[in-house]
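For reference, the structure is listed below as structure tokens.
The structure is reproduced here in structure tokens:
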């Protein structure tokens with residue numbers, strides 16, 4: 148009789164202790180399991196770019212770009228913050244002569260610069276290696292001001308624009324702050 152009682156007590160103990168331990172273990176595994184890294188896909192649609200950048204760049208064609216919230220970790224278990232910062236980065240073709248028309252404005256004083264830095268790996272293949280990029284902080288300020296005025300509901304932009312006149316390309320790296 149005592150052996151039967153011992154088996155019953157052991158089974159009861161395993162049921163009482165085992166189920167909560169398994170539940171806690173499964174919960175911890177879920178919480179600690181690493182999330183796959185956030186990898187936005189390269190986009191080629193033009194409407195969002197022309198809506199935001201077209202007013203000061205002209206109509207864009209043949210675009211390769213990314214748009215993503217830089218604070219989003221992809222973890223669905225976190226609480227979103229009150230602000231979001233959306234990065235729009237890519238390269239697009241301007242109308243024939245469009246880059247020369249923009250860089251030729253003396254008030255912006257464009258100067259030659261090296262290749263863009265901080266380009267996401269997914270976009271590097273779309274940037275020509277031999278491009279002769281030109282940049283103007285004055286144009287950046289003007290474009291950001293125009294973008295803020297024309298797209299008040301689309302966040303406050305802060306961007307950098309590089310132009311290659313030989314290929315009529317623009318490389319844009321814009322950060323929109325939504326509050």
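Numbering (this note's numbering), first residue to last: 148 to 326.
Using N, Cα and C, we set each Cβ at its ideal position, and we do this for glycine too.
Note that the coordinates shown come from a computational prediction; the quantities given were computed from them, not determined experimentally.
Neighbourhood of residue 287 by C-beta, 8 angstroms cutoff - its chain only, sequence neighbours within 5 removed: Sequence-distant Cβ neighbours of residue 287 in its own chain, meaning closer than 8 angstroms and more than five residues away, are 306, 307 and 308.
Candidates 161, 269, 262 and 243, of which the one nearest residue 190 by Cα: Considering only 161, 269, 262 and 243, the residue with the shortest C-alpha distance to residue 190 is 269.
C-beta contact flag for residue 239 and residue 209 at 8 angstroms: Yes, these two residues count as a Cβ contact at 8 angstroms.
Cα-Cα separation, residue 322 to residue 284: If I take the Cα positions, the gap works out to 15 angstroms.
Integer Cβ distance of residue 246 from residue 320, believed to fall under 8 angstroms: At roughly 16 angstroms, the Cβ-Cβ gap does not stay under 8 angstroms, so residue 246 and residue 320 are not in contact.
DSSP state of residue 192 mapped onto helix, strand, coil: DSSP places residue 192 in coil when its eight states are reduced to three.
For residue 321, three-class secondary structure by DSSP: The answer is strand: DSSP assigns residue 321 an E or B state.
Residue 275 - DSSP class collapsed to helix/strand/coil: The answer is coil: DSSP assigns residue 275 none of H, G, I, E or B.
Cβ shell of residue 173 (< 6 angstroms), same chain only, five flanking positions each side left out: Sequence-distant partners of residue 173 (beyond 5 residues in either direction) whose C-beta falls short of 6 angstroms from its own C-beta are missing from its chain.
Cross-strand partners of residue 333 (DSSP beta bridge): In the structure as shown, the chain begins at 148 and stops at 326. Residue 333 is therefore absent and cannot be evaluated.
Within 8 angstroms, strictly: CB atoms of residue 250 and residue 293: Not in contact: residue 250 and residue 293 (Cβ atoms no closer than 8 angstroms).
As assigned by DSSP and simplified to three states, the class of residue 312: The answer is coil: DSSP assigns residue 312 none of H, G, I, E or B.
Three-state class that DSSP yields for residue 158 in the structure shown: Residue 158: helix per DSSP, three-state reduction.
DSSP state of residue 200 mapped onto helix, strand, coil: Of the three classes helix, strand and coil, the one that applies to residue 200 here is coil, per DSSP.
Minimum C-alpha distance to residue 260 - residue among 193, 201, 312 and 161: Closest by C-alpha distance to residue 260, out of 193, 201, 312 and 161, is 312.
Cβ-Cβ separation, residue 237 to residue 213 (assumed contact under 8 angstroms), whole Å: With 8 angstroms as the limit, residue 213 and residue 237 qualify as a contact, their Cβ atoms being about 6 angstroms apart.
Member of 235, 275, 218 and 253 whose CA lies at the smallest distance from the CA of residue 126: Here the chain covers residues 148 to 326 and nothing more, so residue 126 does not appear.
Residue 168 (DSSP reduced to helix, strand or coil): Helix, per DSSP.
Host beta strand (DSSP E) of residue 237 (start-end): 231-240 is the extent of the beta strand (DSSP E) around residue 237.
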